[in-house]
Amino acid sequence: MKNLNKLNLGIYEKALPKDIDWVERIKLVKECGYDFVEISIDETDERLARLDWTDDEINRIHKALIDTEVRIPSMCFSGHRRFPMGSMDEKTREKAMKLMQKAIIFADKMGIRTIQMAGYDVYYEEGSEQTKKYFTENLKKAVEWASSYNVTLSIEIMDHPFINSITKYMEYANIIKSPWLKVYPDVGNLTAWPENDTLKELELGIKNGEITGIHLKDTLAVTDTFEGKFKEVPFGEGCVDFPKVFKKLKELNYKGPFLIEMWTEKSDNPIDEVKKAKQWMLDKMKEGGFI
């Protein structure tokens, strides 16, 4: 029988070699000592096409998951960056909602429990009160669709000021008022914004029962003269005080999953980097008294 009290530590798909078969990728997750992998449905045509996988393709992945005891409990759905729900263009909004429907059905077939959504109304357009209004209306529709499939939509705290804190996420939680809308904070993104108190933000999310998972990533902080760096910052070289974060999460009795977020899929030896990242993070957890 599985140990239900064990630490659940996952790895982001984009940390692993890019051009490999999914069955091989799942085996690598097991080999590297992780419990789960987060699948990416990003804005590229290649990854958006995954929403059209056949039942045979999905069943083949299910078999590999059962054989390895690896899971795919969450999806990073960033396709809305290219097709945002708050776009001023009606056809773009329609495309965004069609993708949302397909993502929910795909999640249901794959056994994915959480669709992690990017916390912004638009990305390549200029935001406004109207784009925020469109985003809110369409988010409400999306949550209603997801609820009928027992799928949770979790907004990620972003590298964008639209929703860059759990405090800002709570505005939407209070508007929509659904158990199927939650938040998926990224400690790197939380810490990079100087207006955030990372520990208080995590406390807000956990005490209100809003957090479905936590991304572990390092970042370089935003300043008056620097826009910050939110990706590909080596662990330990950024602004996140991981031992303090883990100490606070221990105090808050956080029992949810952790996802190490890396973008090493095209590096010379991604497997070594993924294994080293796991050990580094476990050491910080011990230093903070989390384990």
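Be aware that the sequence shown starts at 1, since it is given in full-length UniProt numbering, and climbs by one per residue.
We put the beta carbon where it would ideally sit given N, CA and C, even for glycine.
- Taking 4 residues as the minimum length, the alpha helix (DSSP H) runs contained wholly in the segment 15 to 62 are 22 to 31 and 45 to 48, in order along the chain.
- DSSP places Ile105 in the helix class (H, G or I) of the three-state scheme.
- For Glu137, the enclosing alpha helix (DSSP H) stretches over residues Glu129 to Ser148.
- Contact check between the segment 254 to 262 and the segment 205 to 225: three or more CB pairs, one atom from each, fall below 8 Å, which counts as touching.
- Classified as buried, Asp159 has 16 or more neighbouring CB atoms from the shown chains inside 10 Å of its CB.
- Collapsing the DSSP output to three states places His160 in coil.
- The three-state reading of DSSP puts Tyr184 in strand, counting E and B together.
- For Lys229, there is no enclosing alpha helix (DSSP H); the residue is part of the beta strand (DSSP E) that begins and ends at Lys229 to Val233.
- When DSSP states are grouped into helix, strand and coil, Leu252 belongs to the coil group.
- By the neighbour-count criterion, in which 16 or more other beta carbons inside 10 Å mark a residue as buried, Lys133 falls on the exposed side.
- Apart from sequence neighbours up to five positions away, the residues of its chain that approach Gln101 with a beta-carbon distance below 8 Å are Trp145, ordered along the chain.
- According to DSSP, Phe258 shares a beta bridge with Leu9 and Ile214.
- Distance from the Cα of Lys250 is smallest, within the candidate group Asn150, Ile105, Thr136 and Glu287, for Glu287.
- Under DSSP, Gln279 shares a beta bridge with no residue.
- Taking C-beta atoms as the reference points, Pro161 and Val122 fail to come closer than 8 Å.
- When the beta-carbon positions are compared, Tyr124 and Glu156 stay at least 8 Å from each other.
- Per the Cβ contact rule, the segment 218 to 238 is not in contact with the segment 84 to 98 (fewer than 3 Cβ pairs under 8 Å).
- The Cβ atoms of Glu43 and Ser78 lie closer than 8 Å to each other.
- By the C-beta density criterion, Tyr149 is exposed, having fewer than 16 other C-beta atoms within 10 angstroms.
- Nearest Cα to Tyr120 within the set Tyr169, Val222 and Pro73: Tyr169.
- Between Ile39 and Leu51 a beta carbon distance of about 11 Å is seen, past the 8 Å cut, so the two are scored as non-contacting.
- Apart from sequence neighbours up to five positions away, no residue of its chain approaches Asn208 with a beta-carbon distance below 6 Å.
- For the set Thr136, Glu210 and Ile11, the Cα lying nearest the Cα of Trp180 is the one of Glu210.
- Exclusion of the five residues before and after Lys284 leaves Phe242, Pro243 and Phe246 as the residues of its chain whose Cβ lies within less than 7 Å of its Cβ.
- Of the residues assessed, Glu201 falls on the buried side of the cut-off, its CB having 16 or more other CB atoms within 10 angstroms.
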